[in-house]
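> In terms of the numbering used here, the sequence shown is numbered consecutively and its last residue is 312.
Every residue, glycine too, gets a C-beta built ideally from N, C-alpha and C.
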Amino acid sequence: MNKLIVYLCIIFLLCGCTIIQTEPKVEEPSGSYGLNVKATKDKYSLTMSSVPGLPIEVNPHSDMDISDIRLLVTCNSGQFVSWSDSGETTILGDEFILPFEEVVLYWRPDNEEDSGTEEKPVVIIGTYNKNLGMYSLIYTGSIKEKEGYYSIDFDVRPK
């Protein structure tokens, strides 16, 4: 009987000493809306004919209610264009708001003289809830130009 008690105590001690601690689940801040933002090509050049600019894909998280959400997109240099299935491009400009949906935007420099400017283009993507009147999760993307090719790296910053 004493052996059984000793074995049980050892088992309880071992179980208590081997509990694996998990990282706490991080909740998104209240009022923030989840976006998946990524560049779908590693690089873009003005000489490429397969796309009209550097593609940026913006998708809502699957459980996100997007009925009252607007997508805010801006850049300090260059312009955004959209590209229809028929191959037609539409210039959207450097700042616009559109109803939120899964979308692929294309960023490109204004013209060939832009490649080599000292100013580093920055793309900012966020959301605006028209019912709450609040801005939310902001993605900033730094566009880099090297040897005529543009690339973008996104960084997430809740605002």
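1) In this structure, does DSSP put Tyr303 in helix, strand or coil?
2) With Asn189 as the anchor, note down where its beta strand (DSSP E) starts and where it stops.
3) Does the beta-carbon distance from Asp263 to Ser230 come in below 9 Å?
4) For Ile277, which residues of its own chain have a beta-carbon under 8 Å away from its beta-carbon, when the five flanking residues on both sides are left out?
5) Taking the alpha-carbon of Tyr288 as reference, which of Ile250, Ser304, Val257, Leu258 has the nearest alpha-carbon?
6) CA-CA distance, Lys283 and Glu300?
7) CB Val257 to CB Pro208, shorter than 9 Å?
8) How would you call Leu285, buried or exposed, if buried means at least 16 neighbouring beta carbons within 10 angstroms?
9) How far does the beta strand (DSSP E) with Asp200 in it reach, from first residue to last?
10) What would DSSP say about Met217, mapped onto helix, strand or coil?
11) Around the C-beta of Gly246, are 16 or more other C-beta atoms found within 10 angstroms, so that it is buried, or is it exposed?
12) Check whether the Cβ atoms of Thr234 and Asn212 sit closer than 9 Å, and answer yes or no.
13) What residue does the beta strand (DSSP E) around Asn282 start on, and which one ends it?
For this structure:
1) Residue mapping note: residue 303 aligns to position 150 of the sequence shown, counting from 1. Strand.
2) As a first step, residue 189 is located in the sequence shown; it is residue number 36 there, counting from the start. That run of the beta strand (DSSP E) goes 188-192.
3) Within the sequence shown, residue 263 is the residue found at index 110, counting from 1. Within the sequence shown, residue 230 is the residue found at index 77, counting from 1. In contact: Asp263 and Ser230 (Cβ atoms closer than 9 Å).
4) Numbered from 1 along the sequence shown, position 124 holds the residue referred to as residue 277. The answer, listed in chain order, is Leu225, Val226, Thr227, Cys228, Ile291, Tyr292, Thr293, Gly294.
5) The sequence position of residue 288 within the sequence shown is 135, counting from 1. Answer by Cα proximity: Ile250.
6) Counting from one through the sequence shown, the residue named residue 283 turns up at place 130. Counting from one through the sequence shown, the residue named residue 300 turns up at place 147. Taking the straight line from one Cα to the other gives about 42 Å.
7) Counting from 1 along the sequence shown, the entry for residue 257 is found at position 104. Counting from 1 along the sequence shown, the entry for residue 208 is found at position 55. Closer than 9 Å, so yes.
8) Position 132 of the sequence shown holds residue 285. Its Cβ having fewer than 16 others within 10 Å, Leu285 is exposed.
9) Start at 1 with the first residue of the sequence shown, and residue 200 comes out as number 47. Sequence check: residue 200 is Thr here, not Asp. Per DSSP, Thr200 belongs to no beta strand (DSSP E) and is neither H nor E.
10) Here the question's residue 217 lines up with position 64 in the sequence shown. In the structure shown, Met217 sits in coil (DSSP, three-state: anything other than H, G, I, E or B).
11) Within the sequence shown, numbered from 1, the residue matching residue 246 stands at position 93. Label assigned to Gly246: exposed.
12) Indexing the sequence shown from 1 puts residue 234 at position 81. Indexing the sequence shown from 1 puts residue 212 at position 59. The question names Thr, but residue 234 is Val in the sequence shown. It is not a contact, given that the beta carbons lie outside the stated cut-off.
13) Here residue 282 is taken as the residue at index 129 of the sequence shown, counted from 1. Segment 275-282, the beta strand (DSSP E) holding Asn282.
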